[in-house]
Amino acid sequence: MMLELAADQGVSIADSNLDDSPLAIRGLTVSYGQKPAVFSVDMTVQPGGMTAIIGPNGAGKSTLLKAALGILSPLSGQVTVYGKPLEQQRARIAYVPQRASVDWDFPTRVIDVALMGLSRQLGLLGRIRVRHMSRAMDCLNRVGMRDFADRQIGQLSGGQQQRVFLARALAQEADLYLLDEPFAGVDAATEKAIIAVLKSLKEAGKTVVVVHHDLATVTDYFDHVFLINTRKVAEGTVAEAFTAETLQSAYGGRLATAQIDQISRALG
Amino acid sequence: MNGEEFVPLSLTPLLIGIFAAVACALPGNFLVLRKQALIGDAISHVVLPGIVVAFLLTGAISTWPMMLGAAGAAIVAVVMIEAIRRLGQIEPGAAMGVVFTTMFAGGVLLLEQTDTSTVHLDVEHALYGNLESLIWLDAVGWSSLLELTALAGLPPELPRIALTLVGVILFIWLFWRPLKISTFDEGFARTIGIRTGALGMALVIVAAISAVAAFDAVGSIIVIAMFICPPAAARMMTNRLETQITWSVIFASVSAISGYVLAGYGPLWVGGADAVSAAGMIATMSGLILACAALWGPCRTRAGAPQAT
Numbered sequence: 077m078m079l080e081l082a083a084d085q086g087v088s089i090a091d092s093n094l095d096d097s098p099l100a101i102r103g104l105t106v107s108y109g110q111k112p113a114v115f116s117v118d119m120t121v122q123p124g125g126m127t128a129i130i131g132p133n134g135a136g137k138s139t140l141l142k143a144a145l146g147i148l149s150p151l152s153g154q155v156t157v158y159g160k161p162l163e164q165q166r167a168r169i170a171y172v173p174q175r176a177s178v179d180w181d182f183p184t185r186v187i188d189v190a191l192m193g194l195s196r197q198l199g200l201l202g203r204i205r206v207r208h209m210s211r212a213m214d215c216l217n218r219v220g221m222r223d224f225a226d227r228q229i230g231q232l233s234g235g236q237q238q239r240v241f242l243a244r245a246l247a248q249e250a251d252l253y254l255l256d257e258p259f260a261g262v263d264a265a266t267e268k269a270i271i272a273v274l275k276s277l278k279e280a281g282k283t284v285v286v287v288h289h290d291l292a293t294v295t296d297y298f299d300h301v302f303l304i305n306t307r308k309v310a311e312g313t314v315a316e317a318f319t320a321e322t323l324q325s326a327y328g329g330r331l332a333t334a335q336i337d338q339i340s341r342a343l344g
Numbered sequence: 646m647n648g649e650e651f652v653p654l655s656l657t658p659l660l661i662g663i664f665a666a667v668a669c670a671l672p673g674n675f676l677v678l679r680k681q682a683l684i685g686d687a688i689s690h691v692v693l694p695g696i697v698v699a700f701l702l703t704g705a706i707s708t709w710p711m712m713l714g715a716a717g718a719a720i721v722a723v724v725m726i727e728a729i730r731r732l733g734q735i736e737p738g739a740a741m742g743v744v745f746t747t748m749f750a751g752g753v754l755l756l757e758q759t760d761t762s763t764v765h766l767d768v769e770h771a772l773y774g775n776l777e778s779l780i781w782l783d784a785v786g787w788s789s790l791l792e793l794t795a796l797a798g799l800p801p802e803l804p805r806i807a808l809t810l811v812g813v814i815l816f817i818w819l820f821w822r823p824l825k826i827s828t829f830d831e832g833f834a835r836t837i838g839i840r841t842g843a844l845g846m847a848l849v850i851v852a853a854i855s856a857v858a859a860f861d862a863v864g865s866i867i868v869i870a871m872f873i874c875p876p877a878a879a880r881m882m883t884n885r886l887e888t889q890i891t892w893s894v895i896f897a898s899v900s901a902i903s904g905y906v907l908a909g910y911g912p913l914w915v916g917g918a919d920a921v922s923a924a925g926m927i928a929t930m931s932g933l934i935l936a937c938a939a940l941w942g943p944c945r946t947r948a949g950a951p952q953a954t
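So the protein sequences, as listed, match chains V and Z.
Here our numbering = 1-based position in the first sequence + 76.
Here our numbering = 1-based position in the second sequence + 645.
Okay, here's the thing in structure tokens:
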């Protein structure tokens, strides 16, 4: 019903002949109460690369991601994953929520969180077998958390918790990885470990989308940029979309001129 | 105490007490972790208008219509709480507060405005239930457990709460994995296709059914205490949800047994003459267990505080 609405509202119909891109969003509007957090956004994620979603605080970055995943219900809009509706493609998606969105006091161990990534295969009552266990351990190993498998999750540092979340996503063996602020409040070693894992995913042909807030690392880490401030500001390769002009128009006065100069110099 | 005395007088109230305590403690584990623990309190308030309406419709105090009325009111309340929470975008505690005070007030109003003052719908009964009166007079000893004619005389509360307990266990066993994942991380749960809204609703409805069945047998004091005390105490004994559930069942059973025995004999031991309310004593015991767990439980330090390793 809402999808037709979006089409009526002048979203170009040609666009909704959706391609096979890992994630295609058309005319997405999400609102909390009266004020839209994301307004009529189109997004096409390029396959096999790393895309950063950037924008000022409160620009709707996380909201965009959550609505794309069906965690929030949009007012209007259409989301396809590899050309098909989201519901049919759940197995191909892995999501890493913001670390602060869960209560780490929850009585569970590191290994149990990693095993949650296998729950689609396990189903309601499937037994956890040795192969499941070894795959979860393997994923913990990839993020350097193998030795912590039996710890309660509340006993970990912030960076370690973030790595456990990443291990859970790895266990899902998805094609499209969506991460919400994975570098927020983590130590340098964790940031390095996470980016190494994400790059290895990219090399394996997976697609990675990251809500990111640190403009200084965008050129180092990412291939594509999606710049948002409630509406889409720019989308494209880092060279195309991450420029002094686009940043100025997304961040307005909130970004110091010196910072923009620095970024444009970094971009060459 | 020999079987001839124990079976008719104490076996059924003890079993009803244990089953009611465990049936509330099991869903309580999830409610406490979801910070919805007060839903038990809310439910025991909101059932009042349901019971009054059932009485007005049937004109008699009979158990089944009242159970249905109470269950209906509980479900209406649950749906209203969810609706207010989602539409109003406010936290669950506030939504519960609005709904349960309104419905309780509505129940009192109905009670006052209609001709129910002659019947026995009093506060004491609602709070403490009547556990001691649920005796099994047809029994003559342990052998009665095998006699059909004697079994037919069991207080109806016993099979009812036993059936409820079986239902609760089945629900938690079947939906264990989605319940655990969505309680820990609702956003992630939705991305793997768990219908978290429906599951959360189902959990609260299961809790409501336990509350109403237990309320009928043992009063609302036990309901409120058992939703919170055994799970909260169990949380401080372990850092694994599986073990926490086991501890909560142990704590609920120990509260029921020790509370029942102490209520019956405790006053005599200290020189008093009369027994005290079993329901009140069971709730007190669960509170004592919680206090002990808070003082000495091995896992009572909260994460979030810096940990020494």
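Virtual Cβ for every residue (Gly too), placed ideally from N, Cα, C.
Query	Result
First and last residue of the uninterrupted alpha helix (DSSP H) at residue 860/Z	841-863
CB-CB length for residue 137/V against residue 129/V, believed under 8 Å	5 Å
Of the listed residues 312/V, 318/V and 325/V, nearest to residue 118/V (C-alpha basis)	312/V
Where the beta strand (DSSP E) through residue 300/V begins and ends	300-305
Stretch pair the segment 900-910 of chain Z + the segment 845-855 of chain Z: three plus CB contacts closer than 8 Å	no
Residues that residue 276/V bridges to, as DSSP identifies them	DSSP output for residue 276/V lists no bridge partner at all.
Where residue 92/V falls: helix, strand or coil (DSSP)	Because the pLDDT at residue 92/V is just 44, under 50, the model does not fix this residue reliably, and the value given afterwards should be weighed accordingly. Residue 92/V: coil per DSSP, three-state reduction.
Under the three-state DSSP convention, the category residue 235/V falls into	helix
Proximity winner among 666/Z, 804/Z and 656/Z, relative to residue 927/Z (alpha-carbon distances)	666/Z
Test: residue 34/V CB closer than 9 Å to a CB of chain Z	The shown model of chain V, from 77 to 344, leaves out residue 34/V, and the question about it has no answer.
Chain Z residues whose Cβ lies nearer than 8 Å to that of residue 146/V	835 and 836
Residue 219/V to residue 270/V span [Cα, whole Å]	7 Å
Interfacial residues, the segment 298-315 of chain V to chain Z, with Cβ spacing under 8 Å	none
Residue span of the beta strand (DSSP E) that contains residue 680/Z, given as start and end	Segment: none, residue 680/Z is in no beta strand (DSSP E) and carries neither H nor E.
Contact with chain V by residue 783/Z, beta-carbon distance below 9 Å	no
C-alpha gap between residue 244/V and residue 234/V, whole angstroms	16 Å
Amino acids of chain V, ordered along the chain, whose beta-carbon sits closer than 9 Å to that of residue 826/Z	192 and 195
Own chain residues within Cβ distance below 7 Å of residue 224/V, not counting five before or after	186, 232 and 236
Given 8 Å, three or more beta-carbon pairs between the segment 152-172 of chain V and the segment 804-817 of chain Z	no
Outcome for residue 133/V when other beta-carbon atoms lying within 10 angstroms are tallied against a minimum of 16	exposed
Interface flag, residue 275/V vs chain Z, CB-CB below 9 Å	no
Helix, strand or coil at residue 249/V according to DSSP, with G and I counted as helix	coil
Secondary structure of residue 313/V, DSSP reduced to three states	strand
Beta strand (DSSP E) runs wholly inside the segment 127-184 of chain V, at least 3 long, in chain order	152-157 and 169-172
Neighbour-count burial assignment, residue 253/V, 16 or more Cβ in a 10 Å radius	buried
Sufficient close CB pairs (3 or more, under 8 Å) joining the segment 934-946 of chain Z to the segment 870-878 of chain Z	yes
Cβ pair residue 275/V, residue 126/V closer than 9 Å	yes
Separation of residue 658/Z from residue 931/Z, as counted between CA atoms	17 Å
Cβ-Cβ distance between residue 920/Z and residue 913/Z below 9 Å	yes
Exposure of residue 173/V, with buried meaning 16 or more beta-carbon neighbours within 10 Å	buried
Beta carbon proximity, residue 823/Z to chain V, threshold 9 Å	yes
Where residue 81/V falls: helix, strand or coil (DSSP)	Here the model assigns residue 81/V a pLDDT of 45, short of 50, so the residue's position is not dependable and the matter cannot be decided.
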